[in-house]
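Number of protein chains: 2
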Amino acid sequence: MNDIYFGKRVLVTGGLGFIGSNVVHRLVEGGAEVGVIDSLVSGHGGNLENLAGVLDQVNVSISDIRDMDQMTHLVKDYDIVFSLAGQVSHSESMRDPLLDLSLNCQGQLTLLEALRRCNRDTKVVYSSTRQVYGRPEDIPVDECHPVNPVDTNGIHKMAAEHYFSHYYEVFGIRSVILRLTNTYGPRMDLENDSKGFLGTFIRKALCGETVCIFGDGSQIRDLNYVDDVVEAMLLAGAIDSVDGKVFNLGHPEPVSLQRIVDILQTLLEFPSKTVPFPVQAKAIDIGDYWGDYSRYRSETNWEPSVSVEEGLYRTVEWYQESDSACVQ
Amino acid sequence: MNDIYFGKRVLVTGGLGFIGSNVVHRLVEGGAEVGVIDSLVSGHGGNLENLAGVLDQVNVSISDIRDMDQMTHLVKDYDIVFSLAGQVSHSESMRDPLLDLSLNCQGQLTLLEALRRCNRDTKVVYSSTRQVYGRPEDIPVDECHPVNPVDTNGIHKMAAEHYFSHYYEVFGIRSVILRLTNTYGPRMDLENDSKGFLGTFIRKALCGETVCIFGDGSQIRDLNYVDDVVEAMLLAGAIDSVDGKVFNLGHPEPVSLQRIVDILQTLLEFPSKTVPFPVQAKAIDIGDYWGDYSRYRSETNWEPSVSVEEGLYRTVEWYQESDSACVQ
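So, in structure tokens, the structure goes:
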């Protein structure tokens, strides 16, 4: 896979964030010529340390994808764009919906407008989210499931998906949309509790603090280890037949929240308990979720290679070996 | 119907525009206490002359619904809000998609945030558009038809619909969404060709200029005379059972573009011809459209009362009697 990117000019927006920086590491390994745009918006996970070890091989611009002048300059000459910049927090999107609108809609629309003006021959891989489905009518959820987001973040990611489809149809700017599910692994932001339960669980487990599970612990999620997501994204950028389409990612073995805590407790010593859902969290909770990724597997042969046990083991090990988290 | 609004405090955003000003006239007749917010954004149809005759009975604020400070002040104390401010032009949304984002998404989200902070007991009637459906899979189109907009304007109106549903679900701010189809009548903006074919047809017909029909003239549309749309909106604001729902408007007698021109030619003397679709217009054209409004009829007994012949007659007569358009 990496060979395909050798010598290619690749732009990663949000390349200092969690998934973005993992994409950058893989691209650099594969011999790509990598540019990064990241605005380092406070609290959104961007961190220059995420590129430790490859920083001198990457062209980093601390710029904002919402700025058209910067973008028309910066997007030129790239063969492929991985569009990862944005806000991912559901709860933050409720606290400040206008900021979410700006980061997720204005940002993607500005990127596309800049490409329309200056670089129509590129291809974009857009990282969307399972959150666009809202509360599943049944699981596993495939791409034919109705789109009905329950929070502002989901609404804006849904709108951005339409931008990509629209610019493909009308202006011929190739793109592919991947709907990611919960992703975890090295370089994830463990400090910000608004970015999903998994980072909070892992941080508290590492620190020996009590992990609080909202609800009774039976809620189902499918988790992807970040290396599998990076592989899926690189495939998306490299395979022409996916252009103009939308795909779920997912994992063959969904797990309950309690099971995640149980696995972490085989690796680390910490207490846990179940607590009632906070009202605000319940209002935008989607219940059980498990994505059907067979469409993407059929198209690309992608298959997650890391079990949740293995992935959590690797993640814990990485944080224990780094200085990036609280380690007892 | 008007009795229901007697003494009610009603806010109309975009109240200096085409449909908004017609709503205001009806509300003033019915004894409502009416406030108007309109930013008079150039080219968007807002015009103080649209309130000629009632201006001294209306509290007009030349303000921008995108401005949170202004809005938190202005939305207080209203019982009902008719949310009509926004951009309606499909072609303009392609020329400047970021402006469309700002006017249609930032505007509605700011309105809702202001209501959440200062006036949760109000009810909003949001004027959406049939454009959210994109190219109909079959006609007539009912509310179960997939939402798949073909232009940026449709994407943003779709997102705004979700805001209203979301703020109803999570914060209890009541609202109803009406998907309008082509609306025409007194006070429509005839000067701006980007706002749909119908204004252009009527202006050129009034001026004796050649009306150019894109395509072969067989394309189907359903037209609503503005008084019928105003009636539908007033019902939406007054009936509790519609809260949280989405409805099509429409007309029982869809017509072809050629038929519209033929009717106008019974009223006015002007030449017409068919011309091939311009490339840019074709890219976002939706083909035939005819909306099924039976859900709304069932819920409210609303039924369009004006035939297209009668409506075009009244419209032409109004412009001939006013100084608002080129009249030979």
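First to last, the protein sequences are chains A and B.
So for the first sequence, this note's numbering puts the first residue at -8; every next one is plus one.
So for the second sequence, this note's numbering puts the first residue at -8; every next one is plus one.
We put the CB at the ideal spot given by N, CA and C, even for glycine.
Cβ neighbour criterion (16 or more within 10 Å) applied to residue i
{"i": "Cys96 of chain B", "result": "buried"}
{"i": "Pro127 of chain B", "result": "buried"}
{"i": "Ile193 of chain B", "result": "buried"}
{"i": "Ile164 of chain B", "result": "buried"}
{"i": "Asn13 of chain B", "result": "buried"}
{"i": "Ile53 of chain B", "result": "exposed"}
{"i": "Val270 of chain B", "result": "exposed"}
{"i": "Glu312 of chain B", "result": "exposed"}
{"i": "Thr143 of chain B", "result": "buried"}
{"i": "Thr257 of chain B", "result": "exposed"}
{"i": "Phe268 of chain A", "result": "exposed"}
{"i": "Ser263 of chain A", "result": "buried"}
{"i": "Phe(-3) of chain A", "result": "exposed"}
{"i": "Asp180 of chain A", "result": "buried"}
{"i": "Val252 of chain A", "result": "buried"}
{"i": "Pro137 of chain B", "result": "exposed"}
{"i": "Gly34 of chain A", "result": "exposed"}
{"i": "Gln319 of chain B", "result": "Summary for Gln319 of chain B: the model assigns pLDDT 39, below 50, so the residue's position carries little reliability, and this model does not support an answer."}
{"i": "Asp366 of chain B", "result": "The displayed coordinates of chain B run from -8 to 319. Any statement about residue 366 of chain B would go beyond what the structure contains."}
{"i": "Asn239 of chain B", "result": "buried"}
{"i": "Arg322 of chain B", "result": "The structure shown does not extend to residue 322 of chain B, since chain B is modelled only from -8 through 319, so no value can be given for it."}
{"i": "Val79 of chain B", "result": "buried"}
{"i": "Glu152 of chain A", "result": "buried"}
{"i": "Val266 of chain B", "result": "exposed"}
{"i": "Glu47 of chain A", "result": "This sequence places Asp at residue 47 of chain A; Glu is not what is there. With fewer than 16 Cβ atoms within 10 Å of its Cβ, Asp47 of chain A is classed as exposed."}
{"i": "Glu20 of chain A", "result": "exposed"}
{"i": "Asp207 of chain A", "result": "exposed"}
{"i": "Glu222 of chain A", "result": "buried"}
{"i": "Leu303 of chain A", "result": "buried"}
{"i": "Ser232 of chain A", "result": "exposed"}
{"i": "Pro245 of chain B", "result": "buried"}
{"i": "Glu83 of chain B", "result": "buried"}
{"i": "Lys273 of chain A", "result": "exposed"}
Supposed close pair residue i, residue j - CB separation, criterion 8 Å
{"i": "Ile81 of chain A", "j": "Ile275 of chain A", "result": "In the sequence under discussion, the amino acid at residue 81 of chain A is His, which differs from the Ile named in the question. Yes, His81 of chain A and Ile275 of chain A are in contact; Cβ-Cβ is about 6 Å, under 8 Å."}
{"i": "Val329 of chain A", "j": "Val45 of chain A", "result": "Nothing can be reported for residue 329 of chain A, as the shown portion of chain A is limited to -8 through 319."}
{"i": "Ile342 of chain B", "j": "Gly6 of chain B", "result": "No statement about residue 342 of chain B is possible, as the shown extent of chain B runs from -8 to 319 and does not include it."}
{"i": "Val1 of chain B", "j": "Ile71 of chain B", "result": "5 Å"}
{"i": "Tyr69 of chain B", "j": "Asn110 of chain B", "result": "7 Å"}
{"i": "Gly320 of chain A", "j": "Val116 of chain A", "result": "Nothing in the structure corresponds to residue 320 of chain A, since chain A is present only between -8 and 319."}
{"i": "Gln210 of chain B", "j": "Leu248 of chain B", "result": "5 Å"}
{"i": "Tyr159 of chain A", "j": "Gly235 of chain A", "result": "5 Å"}
{"i": "Leu75 of chain A", "j": "Ile168 of chain A", "result": "No, Leu75 of chain A and Ile168 of chain A are not in contact; Cβ-Cβ is about 13 Å, not under 8 Å."}
Any non-hydrogen atom of the ligand GTP closer than 6 Å to residue i Cβ
{"i": "Val266 of chain B", "result": "In the structure shown, the ligand GTP is absent, as is every other ligand, since no ligand is present at all."}
Item to check | Runs of beta strand (DSSP E) lying entirely within the region 42 to 110 of chain A, each at least 3 residues, in chain order | outcome: Correct list: 49 to 52 and 71 to 74.
Next on the checklist: With a threshold of 8 Å, are at least 3 pairs of Cβ atoms found where one atom belongs to the region 277 to 286 of chain A and the other to the region 117 to 133 of chain A?
Outcome noted: Remark: three or more beta-carbon pairs, one from each stretch, lie closer than 8 Å, so the region 277 to 286 of chain A and the region 117 to 133 of chain A are flagged as touching.
Checklist entry - Counting pairs of beta carbons, one from the region 57 to 77 of chain A and one from the region 201 to 221 of chain A, are three or more of them closer than 8 Å? => result Contact between the region 57 to 77 of chain A and the region 201 to 221 of chain A is absent, because fewer than three Cβ pairs lie under 8 Å.
Item to check | Sufficient close CB pairs (3 or more, under 8 Å) joining the region 133 to 141 of chain A to the region 140 to 151 of chain B | outcome: With the cut-off at 8 Å, the region 133 to 141 of chain A and the region 140 to 151 of chain B do not touch.
Item to check | Against chain A: residues of the region 93 to 111 of chain B by CB proximity under 9 Å | outcome: Against chain A - using a Cβ distance shorter than 9 Å - the residues of the region 93 to 111 of chain B are Ser93, Cys96, Gln97, Leu100, Thr101, Leu103 and Glu104.
Next on the checklist: Is it the case that the region 288 to 301 of chain A contacts the region 35 to 49 of chain B, given that we only count it when at least three CB pairs across the two stretches are under 8 Å?
Outcome noted: Two segments are said to touch when three or more pairs of C-beta atoms, one from each, lie closer than 8 Å; by this definition the region 35 to 49 of chain B does not touch the region 288 to 301 of chain A.
Item to check | Members of the region 62 to 90 of chain B near chain A, C-beta cut-off 8 Å | outcome: Flagged, chain order: Met85, Pro88 and Leu89.
Item to check | Residues of the region 269 to 287 of chain B with Cβ closer than 8 Å to any Cβ of chain A, in chain order | outcome: Closer than 8 Å at the C-beta level to chain A, one finds these residues of the region 269 to 287 of chain B: Ala274 and Ile275.
Item to check | Cβ-based contacts, 9 Å cut-off: residues of the region 3 to 34 of chain A near chain B | outcome: The residues in question: there are none.
Next on the checklist: Quick check: the region 214 to 224 of chain A against the region 157 to 174 of chain A, are at least 3 beta-carbon pairs closer than 8 Å?
Outcome noted: Cβ pair count under 8 Å is three or more, so yes.
Checklist entry - Going along the region 155 to 176 of chain B in order, which residues come within less than 8 Å of chain A, judged by CB to CB distance? => result Listed in sequence order: His157, Glu160 and Val161.
Item to check | Length at least 4, wholly inside the region 191 to 232 of chain A: the alpha helix (DSSP H) runs in chain order | outcome: If we require 4 residues or more, the alpha helix (DSSP H) runs fully inside the region 191 to 232 of chain A come out as 217 to 229.
Checklist entry - Do the region 88 to 103 of chain B and the region 95 to 114 of chain A touch if we need at least three Cβ pairs shorter than 8 Å? => result Pairwise C-beta distances place the region 88 to 103 of chain B in contact with the region 95 to 114 of chain A, as three or more of them are shorter than 8 Å.
Item to check | Ranges of the alpha helix (DSSP H) found wholly within the region 247 to 309 of chain B, counting only runs of at least 4 | outcome: Whole alpha helix (DSSP H) segments, 4+ residues: 248 to 258, 270 to 274 and 285 to 291.
Next on the checklist: Beta carbons nearer than 7 Å to chain B: which residues of the region 111 to 128 of chain A have them?
Outcome noted: Cβ contacts with chain B: none found.
Item to check | Whole alpha helix (DSSP H) elements within the region 144 to 200 of chain A, 4-residue minimum | outcome: Within the region 144 to 200 of chain A, the complete alpha helix (DSSP H) runs of at least 4 residues are 188 to 198.
Checklist entry - For the region 31 to 59 of chain A, which residues have a CB atom closer than 7 Å to at least one CB atom of chain B, in sequence order? => result Residues passing the 7 Å Cβ filter: none.
Item to check | Whole beta strand (DSSP E) elements within the region 112 to 146 of chain A, 3-residue minimum | outcome: For the region 112 to 146 of chain A, whole beta strand (DSSP E) runs of length 3 or above, ordered along the chain, are 114 to 120.
Next on the checklist: Any C-beta of chain A within less than 9 Å: which residues of the region 138 to 149 of chain B qualify?
Outcome noted: Residues of the region 138 to 149 of chain B with a C-beta less than 9 Å from any C-beta of chain A: Val138, Asn139, Pro140, Val141, Asp142, Thr143, Gly145, Ile146, His147 and Met149, listed in chain order.
Next on the checklist: Threshold first: 3 residues or longer. Then list the beta strand (DSSP E) segments lying entirely within the region -5 to 24 of chain B, N to C.
Outcome noted: Secondary structure in the region -5 to 24 of chain B: the beta strand (DSSP E) runs of 3 residues or longer, each lying completely within the stretch, are 0 to 4 in chain order.
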